[in-house]
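**Student:**
Protein chains: 2
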Amino acid sequence: MNVLIVEDDVELNQFIQKGLQSEGIGVSVAYDGIIGRSLINERQFDVVVLDVNMPGLNGYDLCRFVKQNWPAIPVIMLTALGSLDNKVLGFESGADDYLSKPFAFKELVFRLKALARRHPSRAPLPKRLELLDLAVDTESHQVWRAGERVTLTAREYALLEYLLVKQGKVVSRVDLLENVWDVHFNTNTNVVDVYINYLRRKIDHVEPKLLHTVFGVGYMLRAEP
Amino acid sequence: MNVLIVEDDVELNQFIQKGLQSEGIGVSVAYDGIIGRSLINERQFDVVVLDVNMPGLNGYDLCRFVKQNWPAIPVIMLTALGSLDNKVLGFESGADDYLSKPFAFKELVFRLKALARRHPSRAPLPKRLELLDLAVDTESHQVWRAGERVTLTAREYALLEYLLVKQGKVVSRVDLLENVWDVHFNTNTNVVDVYINYLRRKIDHVEPKLLHTVFGVGYMLRAEP
DNA sequence: GAGAGTTATTACAATTTGATTAGAGTGAGT
DNA sequence: ACTCACTCTAATCAAATTGTAATAACTCTC
C-alpha cells in the first residue's frame, strides 16, 4: 500500500511516517499543500492523508482537488480536536474519513487499511506468496527457502516481494527502480544489480535456481530454468 | 471501556464523542456504516452504538453483521423519535438496547455501562504467561527466568507483559509507545530502546535469547533464534 | 573469437538504526 | 528535608543497511 501524508507539523509528519513504515506501508510525505498536490499529480497513491491547516494550500482545497481529478483515491482528513465547523467542511469537500488530533496511531492504520480495501486500486497482496520451495509471509515479512528461515533486510524483502508478485514475467531495472526504490528519474545506478546479487546469496544458493537474468531486459523469478 | 460510535450526523457524533471521552470512556467513531464495519472487524469493542439511518450500510444491517460475527459484543441503536416500526426492526436485527433521539446524555452513559457490565467482553489476561523458561504471573506481577526470580520495575513489567501477549509477532516502537507508555506523538524519544536494554539485562542474559530486534521494524519475543 | 555492451561481484564509504551509559528530574516513603 | 528507586533524556558508541564505484566475468554480434 502506498500512502501520501500532507502535514505541515514536522514532528507529527515524521511520527506518522516512521510508524507507517514499520507497519510495512509505503509512505511519501509533503510538508505543504502545494508540494502535496504535485506529488498527487505525479504518482499513484492508494490513500491520501491531509491536514486541515496548512500554509499555501489548505486541506479542504487540496481535498477538493483530489476529488475532482482522482475521485477514486480516498482521503482522510486530520483536524484539531473538536473543531466542528472543520468537520462539516471536511465532509463537504469530499473527505472519506476523519481523524481528530490527537489520535491513537492504531486508529489511523486501521482507517487507512479500511479505505484501501474499500477502494482496491490494486489487488491486495495474498498473505502468502510461494514459488516452489520459496515462501514469503507478506504480513510478518518472513521468508523461507528450502525449509530454512532466511532473514532479509527491508530493501531485499521489498525486491523479493515485487519479483514474486510478478513471477513468470520479466521485470526491467527501471520498473524495479520505480516500484521498489521509488526512484522516478533516470540515474545511472547499479543498485538493482547489487541487490539482485544479495538476494541470490540469501535465497538462491540452492537448486533449482529461481532468479534468472534475462539478458538486455531485466530479471525474472520462475520455477523452470 | 472501549466504545464505537457509528453515526453520520456529524454534530451528534461529535457531541457523543466528547461526552464519553470526558467520562473517561475510550471512543472510536465512524461516520458511515462501511468504515464502522471495518473498525469492528479489526478492533475489540466493549459496546457498539449504531445510528439507524446511514448512507452506505444502515444500522440494522450493520447490527446483524455484528451479531453474526461477534455475538458477544452488545449493540445500542439510536433511532428517530418514536418510530415504532424502527424499534421492532431494531430488536429483530439483534440490538441489545435502544435509544430514541433526542435522548439525555446521561441515559446513554448509563446504558453503556450497564451493557458493558453485563458482557465483560475482553478476554482477561491469563494468570500465567510463559515462553520457554520465562514465566510471568500477571496477578502478582512476578517474573521468573531460568528458574530464578527476577524483580522488574512497573514499566519494565508492563513492557514485558505486552511483548509476551504478542509473542511471536513483531511489535513496533510506535505500538509500544502507545500501548505501554501512552505516548502518542513523540518522535524524539528512545525510551523504548532504553527499556528493552533494561529488560535484556534482567531477563535475557541467559541462552537462548528470547528478545529479538527486528531491524527497522521493532522487537519480538520468540523462542527460536 | 574479438570487441562492445551487459551483468556479477566485491570492497568500501555514507547513512541509518540500535545499544549502552551517565545523569537529571521526580515523587514516595522515612 | 533526605534518601532511594524509578523514569526518562541525551550523548556516545556500535552495528547493520544502503548505495557507489571499480573491476571481473559474461553474452551477444559480427
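So the sequence lines, in the order shown, correspond to chains A and B.
Plus 50 on top of the position in the first sequence (first one is 1) and you've got my numbering.
Plus 50 on top of the position in the second sequence (first one is 1) and you've got my numbering.
We put the CB at the ideal spot given by N, CA and C, even for glycine.
#1: What is the rounded straight-line gap between the Cα of L149 of chain B and the Cα of L112 of chain B?
#2: How about S78 of chain A: is its C-beta nearer than 8 Å to some C-beta of chain B?
#3: Are the CB atoms of N52 of chain A and D96 of chain A within a distance shorter than 8 Å?
#4: For V194 of chain B, does the three-state DSSP call read helix, strand or coil?
#5: Looking at chain B, is there any beta carbon in it that lies within less than 8 Å of the beta carbon of A217 of chain A?
#6: Taking only beta-carbon atoms, is H156 of chain A less than 8 Å away from chain B?
#7: Pick helix, strand or coil for A204 of chain B, following the three-state DSSP scheme.
#8: Would you please verify whether the beta carbon of V62 of chain A is less than 8 Å from any beta carbon of chain B?
#9: When the Cα atoms are used, what is the spatial distance from V266 of chain B to Y245 of chain A?
#10: Could you have a look at D147 of chain A and say whether DSSP puts it in helix, strand or coil?
#11: Would you mind sorting K219 of chain A into buried or exposed? The rule is 16 or more other CB atoms within 10 Å of its CB.
#12: With the cut-off set at 8 Å, would you say V186 of chain A and A208 of chain A are in Cβ contact?
#13: Determine whether the beta carbon atoms of D183 of chain A and A196 of chain A lie at a separation below 8 Å.
#14: Runs of 4 residues minimum, wholly inside the region 75-116 of chain B: which ones carry the alpha helix (DSSP H) assignment?
#15: Around the C-beta of T263 of chain B, are 16 or more other C-beta atoms found within 10 angstroms, so that it is buried, or is it exposed?
#16: Tell me which residues of the region 220-249 of chain B have at least one Cβ-Cβ distance to chain A shorter than 9 Å, keeping chain order.
#17: Is G69 of chain B helix, strand or coil when you go by DSSP?
#18: If the criterion is Cβ atoms closer than 8 Å, does the pair L202 of chain A and K252 of chain A meet it?
#19: Where does D232 of chain A sit, in a helix, a strand or coil, going by DSSP?
#20: Span of the alpha helix (DSSP H) holding D26 of chain A?
#21: Taking Cβ positions, are G86 of chain B and L54 of chain B nearer each other than 8 Å?
#22: Less than 6 Å between C-beta atoms, sequence neighbours within five positions excluded: which residues of the same chain meet that for L107 of chain B?
#23: On the DSSP letters alone, give me the boundaries of the beta strand (DSSP E) that D183 of chain A sits inside.
#24: DSSP on L175 of chain B, reduced to helix/strand/coil?
#25: Quick check on this structure: which residue in B:E61, B:P105, B:E92, B:V159 has the alpha carbon closest to the alpha carbon of V99 of chain B?
#26: Note down, in chain order, all residues in the region 81-93 of chain B with a beta-carbon under 9 Å from any beta-carbon belonging to chain A.
#27: At a Cβ threshold of 8 Å, is V267 of chain B touching chain A?
#28: Just the C-alpha distance for R93 of chain B and T239 of chain A, rounded to the nearest angstrom, thanks.
#29: One question on the structure: do V242 of chain B and L261 of chain B come within less than 8 Å of each other, judged by their Cβ atoms?
#30: Measuring straight from C-alpha to C-alpha, what distance separates D254 of chain A and V193 of chain A?
#31: Whose C-beta lies closer than 6 Å to the C-beta of I66 of chain B among residues of the same chain, with five residues either side of it excluded?
#32: Alpha carbon to alpha carbon, how far is G144 of chain B from Q118 of chain B? Give it in angstroms, no decimals.
#33: What number of angstroms, rounded off, separates the C-alpha of K163 of chain A from the C-alpha of R199 of chain B?
#34: Roughly how many angstroms lie between the CA atoms of P275 of chain A and S222 of chain A, to the nearest whole one?
#35: Is it the case that the Cβ atoms of P105 of chain B and D146 of chain B are separated by a distance below 8 Å?
#36: Could you have a look at A223 of chain B and say whether DSSP puts it in helix, strand or coil?
**Tutor:** According to the data block:
#1: The residue you call residue 149 of chain B lines up with position 99 of the second sequence. The residue you call residue 112 of chain B lines up with position 62 of the second sequence. Computed Cα separation, rounded: 17 Å.
#2: Indexing the first sequence from 1 puts residue 78 of chain A at position 28. S78 of chain A does not count as touching chain B.
#3: By one-based count along the first sequence, residue 96 of chain A stands at place 46. By one-based count along the first sequence, residue 52 of chain A stands at place 2. Yes, the Cβ-Cβ distance between D96 of chain A and N52 of chain A is below 8 Å.
#4: As a first step, residue 194 of chain B is located in the second sequence; it is residue number 144 there, counting from the start. A small fix is needed here, since residue 194 of chain B is Trp in this sequence, not Val. The answer is strand: DSSP assigns W194 of chain B an E or B state.
#5: Within the first sequence, numbered from 1, the residue matching residue 217 of chain A stands at position 167. The amino acid occupying residue 217 of chain A in the given sequence is Gln; Ala does not appear at that position. It does not; no Cβ of chain B falls within 8 Å.
#6: Position 106 of the first sequence, counting from 1, holds the residue named residue 156 of chain A. Checking the sequence shown, residue 156 of chain A turns out to be Lys, not His. By this cut-off, K156 of chain A is an interface position.
#7: Counting from 1 along the second sequence, the entry for residue 204 of chain B is found at position 154. Note: A204 of chain B maps to helix in three-state DSSP.
#8: Along the first sequence, read from residue 1 onward, the residue named residue 62 of chain A stands at position 12. Going by the sequence as given, residue 62 of chain A is Leu instead of Val. Yes - at least one Cβ of chain B is within 8 Å of the one on L62 of chain A.
#9: Residue numbering aside, residue 266 of chain B sits at position 216 when the second sequence is read from its first letter. Residue numbering aside, residue 245 of chain A sits at position 195 when the first sequence is read from its first letter. This sequence places Gly at residue 266 of chain B; Val is not what is there. Going by the C-alpha atoms only, they are around 18 Å apart.
#10: In the first sequence, the residue the question calls residue 147 of chain A occupies position 97. Three-state result, D147 of chain A: strand.
#11: Reading the first sequence from its first residue, position 169 is the one you call residue 219 of chain A. By the 10 Å Cβ count, K219 of chain A comes out exposed.
#12: As a working note, residue 186 of chain A is residue 136 in the first sequence. As a working note, residue 208 of chain A is residue 158 in the first sequence. Taking 8 Å as the Cβ cut-off, V186 of chain A and A208 of chain A do not qualify as a contacting pair.
#13: Here residue 183 of chain A refers to the residue found at position 133 of the first sequence. Here residue 196 of chain A refers to the residue found at position 146 of the first sequence. Closer than 8 Å, so yes.
#14: 83-92
#15: The residue given as residue 263 of chain B occupies position 213 in the second sequence. T263 of chain B is exposed by the Cβ-count criterion.
#16: V220, S222, R223, V224, D225, L227, E228, N229, H234, F235, N236, T237, N238
#17: The residue you call residue 69 of chain B lines up with position 19 of the second sequence. It is helical.
#18: Along the first sequence, one-based indexing puts residue 202 of chain A at 152. Along the first sequence, one-based indexing puts residue 252 of chain A at 202. Yes, they are a contact pair.
#19: The residue given as residue 232 of chain A occupies position 182 in the first sequence. Coil.
#20: An answer regarding residue 26 of chain A cannot be provided, because it is not within the stretch 51 to 275 covered by chain A.
#21: Locating residue 86 of chain B in the second sequence gives position 36, where the first residue counts as 1. Locating residue 54 of chain B in the second sequence gives position 4, where the first residue counts as 1. Yes; because the gap between Cβ atoms is below 8 Å, this pair is in contact.
#22: Here residue 107 of chain B refers to the residue found at position 57 of the second sequence. Only G83, I84 meet the Cβ criterion.
#23: The residue labelled residue 183 of chain A in the question sits at position 133 within the first sequence. Careful: D183 of chain A lies outside any beta strand (DSSP E) and carries neither H nor E.
#24: Looking up residue 175 of chain B in the second sequence gives position 125. If DSSP states are grouped into helix, strand and coil, L175 of chain B belongs with coil.
#25: In the second sequence, the residue the question calls residue 99 of chain B occupies position 49. It is B:V159 whose Cα lies nearest to the Cα of V99 of chain B.
#26: Y81, D82, I84, I85, R87, S88, L89, N91, E92, R93
#27: If you number the second sequence from 1, residue 267 of chain B lands on position 217. Yes, its Cβ sits closer than 8 Å to a Cβ of chain A.
#28: Position 43 of the second sequence, counted from the start, is the residue given in the question as residue 93 of chain B. Position 189 of the first sequence, counted from the start, is the residue given in the question as residue 239 of chain A. If you take the alpha carbons of R93 of chain B and T239 of chain A, they lie about 44 Å apart.
#29: Working through the second sequence from its first residue, we reach residue 242 of chain B at position 192. Working through the second sequence from its first residue, we reach residue 261 of chain B at position 211. Taking 8 Å as the Cβ cut-off, V242 of chain B and L261 of chain B do not qualify as a contacting pair.
#30: Indexing the first sequence from 1 puts residue 254 of chain A at position 204. Indexing the first sequence from 1 puts residue 193 of chain A at position 143. Taking the straight line from one Cα to the other gives about 12 Å.
#31: For the purposes of this step, residue 66 of chain B is taken as the residue at position 16 of the second sequence. Within the same chain, I66 of chain B has close Cβ partners I55.
#32: Position 68 of the second sequence, counting from 1, holds the residue named residue 118 of chain B. Position 94 of the second sequence, counting from 1, holds the residue named residue 144 of chain B. Each residue's Cα considered, the two are about 9 Å apart.
#33: For this step, residue 163 of chain A is matched to residue 113 along the first sequence. For this step, residue 199 of chain B is matched to residue 149 along the second sequence. Between K163 of chain A and R199 of chain B, the C-alpha separation is close to 43 Å.
#34: Reading the first sequence from its first residue, position 225 is the one you call residue 275 of chain A. Reading the first sequence from its first residue, position 172 is the one you call residue 222 of chain A. So the alpha carbons of these two residues sit roughly 19 Å apart.
#35: For the purposes of this step, residue 105 of chain B is taken as residue 55 along the second sequence, with counting starting at 1. For the purposes of this step, residue 146 of chain B is taken as residue 96 along the second sequence, with counting starting at 1. Cβ distance not < 8 Å, so P105 of chain B and D146 of chain B don't count as in contact.
#36: If you number the second sequence from 1, residue 223 of chain B lands on position 173. It should be noted that the sequence gives Arg, not Ala, for residue 223 of chain B. Of the three classes helix, strand and coil, the one that applies to R223 of chain B here is helix, per DSSP.
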